[in-house]
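A short write-up of the structure that comes next.
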Amino acid sequence: MLAIWCLAGCTQAVPRFPFGDVSTQVAKDSMRQLETDTLIVVYPEGKRDQALRFARRAEYCREELVRRALIKGGASEEKAVLILPDVSINNAFVVPPIGREPIGVIPTHQTSDFFLKLNLPPDAGIIGCHEMTHYVQGQQIGGFPGALHAAFGDLYTPQIGLAPWFLEGLAVYYETRLQDGAGRLGTRYFEGFLAAGFQAEGEQITGGLLSEFNRRVSFGHYLFGAFFVDYLARTYGEGRLWQVVKGQGRRVIPIFDVSGVFKGVYGKSLADLLDDFDADLRKRFPPRKRPAGQVLVRQLGASVRYARGSRGSEAFISADVDEPVSLSVVRDGKVILARKLTDVLPGRTLAAPSVNLTSGLAFSPDERFVYFTVVDQGFERQVSRLVRLDVSEDRLAVVKRDLRGPGGSVSADGGWYFHSVATLDSYVLAKTDLSTGRTLRITRPKPRQYLASPVVSPRGDRLLVTEASDSGVRLAIYSTNGQRLQAVPAPAGQAFEASWVDEQQVVFTASDGHVMQVHLADLREGSYRAITHAPYLTSQPWSDGRH
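Here the working numbering is used: the first residue of the sequence shown is -5, the next is one more, and so on.
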């Protein structure tokens, strides 16, 4: 229960942050503070209701984590300080207590649809549960370091000696376990990346695959780290994870003999535990072959966004280990345009585009233009630029500097771009005039409901929309004036990455119980079925009704 006993009514002095855009926004805004028995939440003026909703979730997660933690008293009883800056960095983080108090930074909103792929509604409370795991772990300080903390305050936490794979793996584990299956370990999509990558690499699991510096496996400390922590919890019990945290929390020199902490808890060295994890993965994810009817058309990069036009043209935004972000257009099976999205010379259109932060890739009806939204670095903060590529002239132009949310698709007449706008703790549907840049919102915000990735129907009067909330990530049909018409029939769990086949059929990605497959739904009959048998994972399906 959230027990608020103090609500300040004046501007608060706030600490500095390692991200300049966060510091700038906090300095600009008039900040308020609410305090509970376990939290101090600093939030922008006018967003009290959102701060209360966030605090309820954060307090619940903290209570559950503290109950599991083994070092009691001292730093673990200090209130968590959480800042809600009104700026999107499409990230969140905890500044550890190294010469200063720990601070959690969770923005009021995010502007990327990337969180949906991770089975995470882009909600501060849900994302905050991940960060709260970092916060509580960082406060596990005992033994001589605990005595130093009691005498001198926030000098350091021994938890910094643990590798990022354990820090992030533990946080991913609890973002799922504490939130009814939301989070990365609650989706076959994340598991599919692991299975495909594990088989593609074809090597023994070592510390290299768990490293944040591994170039072949992006975010390996999240991916392999999460499943390694999950393996340890399934095999030896959840409690031993906290024995590791306790053992590390008493280390005077944080980086000294970290493997010894694991051996003391599990009776095995970290190398032996990794060997056991490797054997478990090989049993869970044996090699699988492509079905006979599946044909490899084109090899793409490690990260890809894909779209298909109504006349059959295709567009890819991709990047790989030694390949920068690029955009390619394919027509009649041939690449007719390929260009890098990051220019070298000054005056460039985009400063730092990323495939993962790109959304709403779509053709105009005549396929002359390709539109997409990309989170890019602006003058003071990240912005969601709406970009247009003229295919015939190979020219990029920014249509609107900041849509304030992820992208969608182009209207049937080519005059509007449908997309989302982040407002408070919600996404609303909107459309932007492609000639003037004027934006009109077509739905109203509802707390903790996120409407994303609107795809215009062939006739142009309906939208295929991804809905994200506490109920999960699902699909629905809306009219172009914002009225919800019906849910899309789909199997239980995450259903997203949808597109139209015709006026009554849509394809999307969802689990068949084992693997994320492409499903075909009939809106009139209210039925669905899996139409692929991919060995590990499918993503971003499009269909012309024949393929």
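Every residue gets a Cβ at the ideal spot worked out from N, C-alpha and C, and that includes glycine.
By alpha-carbon positions, which one of the options ends up nearest to residue i?
{"i": "LEU64", "options": "ARG244, THR105, ILE120, ALA313", "result": "ARG244"}
{"i": "PHE48", "options": "VAL20, ASP117, PRO79", "result": "ASP117"}
{"i": "LEU161", "options": "ALA515, GLY186, HIS215", "result": "HIS215"}
{"i": "SER253", "options": "VAL246, ILE247, ALA265", "result": "ALA265"}
{"i": "VAL449", "options": "GLY487, VAL501, PRO439", "result": "VAL501"}
{"i": "LEU544", "options": "VAL381, GLN19, ARG210, PRO38", "result": "Residue coverage of the chain in this structure runs from -5 to 541, which leaves residue 544 outside it and unanswerable."}
{"i": "ARG395", "options": "GLY408, ALA345, SER358", "result": "ALA345"}
{"i": "ARG398", "options": "SER405, ASP388, LEU380", "result": "LEU380"}
{"i": "LEU46", "options": "GLY119, SER82, SER297, ARG94", "result": "GLY119"}
{"i": "ARG523", "options": "SER505, SER533, PRO529, ARG540", "result": "SER505"}
{"i": "SER465", "options": "ARG478, GLN443, PRO485", "result": "GLN443"}
{"i": "ARG540", "options": "VAL495, SER521, GLN511, LEU517", "result": "VAL495"}
{"i": "TYR230", "options": "ASP270, PHE213, GLU206, GLY196", "result": "ASP270"}
{"i": "LEU321", "options": "PRO439, SER297, THR30", "result": "SER297"}
{"i": "ALA406", "options": "GLN131, ARG94, LEU428, GLU71", "result": "LEU428"}
{"i": "ASN208", "options": "VAL315, GLU461, LEU235", "result": "VAL315"}
{"i": "VAL259", "options": "LEU226, GLY287, ALA286, PRO285", "result": "LEU226"}
{"i": "GLY431", "options": "VAL393, VAL467, ALA528", "result": "VAL393"}
{"i": "ALA176", "options": "GLY122, PRO158, GLU71", "result": "GLY122"}
{"i": "GLU197", "options": "GLY354, ARG210, GLU95", "result": "ARG210"}
With residue i as the anchor, note down where its beta strand (DSSP E) starts and where it stops.
{"i": "ILE92", "result": "Looking at the DSSP string, ILE92 is not in any beta strand (DSSP E), and its letter there is neither H nor E."}
{"i": "ILE311", "result": "308 to 314"}
{"i": "GLU565", "result": "With the chain represented from -5 up to 541, any question about residue 565 goes unanswered, as that position is not in the structure."}
{"i": "LEU445", "result": "444 to 450"}
{"i": "ALA492", "result": "489 to 496"}
{"i": "TYR37", "result": "33 to 38"}
{"i": "ILE77", "result": "74 to 77"}
{"i": "LEU514", "result": "510 to 516"}
{"i": "GLN477", "result": "Run containing GLN477: none; DSSP gives neither H nor E here."}
My understanding is that residue i touches residue j, with C-beta atoms under 8 Å, so please give their C-beta distance in whole angstroms.
{"i": "PRO340", "j": "VAL319", "result": "That belief does not hold up - the Cβ atoms of PRO340 and VAL319 are roughly 19 Å apart, past 8 Å."}
{"i": "ASP455", "j": "THR437", "result": "Contact doesn't hold; Cβ gap of about 16 Å is too wide."}
{"i": "THR352", "j": "PHE366", "result": "6 Å"}
{"i": "TRP536", "j": "ARG302", "result": "4 Å"}
{"i": "PRO400", "j": "SER358", "result": "Contact doesn't hold; Cβ gap of about 19 Å is too wide."}
{"i": "ARG182", "j": "VAL166", "result": "That belief does not hold up - the Cβ atoms of ARG182 and VAL166 are roughly 15 Å apart, past 8 Å."}
{"i": "ASP370", "j": "VAL377", "result": "6 Å"}
{"i": "THR102", "j": "LEU78", "result": "5 Å"}
{"i": "ALA189", "j": "PHE250", "result": "At roughly 36 Å, the Cβ-Cβ gap does not stay under 8 Å, so ALA189 and PHE250 are not in contact."}
{"i": "LEU517", "j": "ILE471", "result": "7 Å"}
{"i": "LEU33", "j": "ALA21", "result": "Going by Cβ atoms, the distance from LEU33 to ALA21 rounds to 23 Å, so no, they are not a contact pair."}
{"i": "VAL364", "j": "VAL385", "result": "6 Å"}
{"i": "PRO285", "j": "HIS527", "result": "5 Å"}
Can a CB atom of chain C be found closer than 8 Å to the CB of residue i?
{"i": "ILE34", "result": "Absent from the structure: chain C. Only one protein chain is present."}
Exposed or buried, which one is residue i when buried takes at least 16 other CB atoms within 10 Å?
{"i": "SER312", "result": "buried"}
{"i": "LEU1", "result": "Below a pLDDT of 50, predicted positions are generally treated as unreliable, and LEU1, at 32, falls in that range; no measurement from the model is reported."}
{"i": "SER451", "result": "buried"}
{"i": "GLY147", "result": "exposed"}
{"i": "ALA194", "result": "exposed"}
{"i": "LEU290", "result": "exposed"}
{"i": "HIS128", "result": "buried"}
{"i": "GLY402", "result": "buried"}
{"i": "ASP337", "result": "exposed"}
{"i": "ILE135", "result": "buried"}
{"i": "ALA144", "result": "exposed"}
{"i": "THR433", "result": "buried"}
{"i": "LYS283", "result": "exposed"}
{"i": "PHE138", "result": "exposed"}
{"i": "GLU461", "result": "buried"}
{"i": "LYS41", "result": "buried"}
{"i": "ALA332", "result": "exposed"}
{"i": "THR200", "result": "exposed"}
{"i": "ALA489", "result": "buried"}
{"i": "ARG468", "result": "buried"}
{"i": "ALA486", "result": "exposed"}
Ends of the alpha helix (DSSP H) at residue i?
{"i": "VAL238", "result": "233 to 243"}
{"i": "THR127", "result": "118 to 132"}
{"i": "ALA45", "result": "42 to 62"}
{"i": "PRO158", "result": "158 to 171"}
{"i": "SER17", "result": "14 to 22"}
{"i": "THR542", "result": "No answer is possible for residue 542: the residues shown for the chain start at -5 and end at 541."}
{"i": "ARG278", "result": "264 to 278"}
{"i": "LYS542", "result": "As shown, the chain starts at -5 and ends at 541. That puts residue 542 outside it, with no answer to give."}
{"i": "VAL111", "result": "What sits at residue 111 in the sequence shown is Lys, not Val. Where LYS111 is concerned, the enclosing alpha helix (DSSP H) stretches over 108 to 111."}
{"i": "LEU142", "result": "137 to 146"}
*Does the pairing of the segment 97 to 107 with the segment 166 to 177 give three or more beta-carbon distances under 8 Å?*
no
*Three or more C-beta pairs below 8 Å linking the segment 64 to 73 and the segment 231 to 240*: yes
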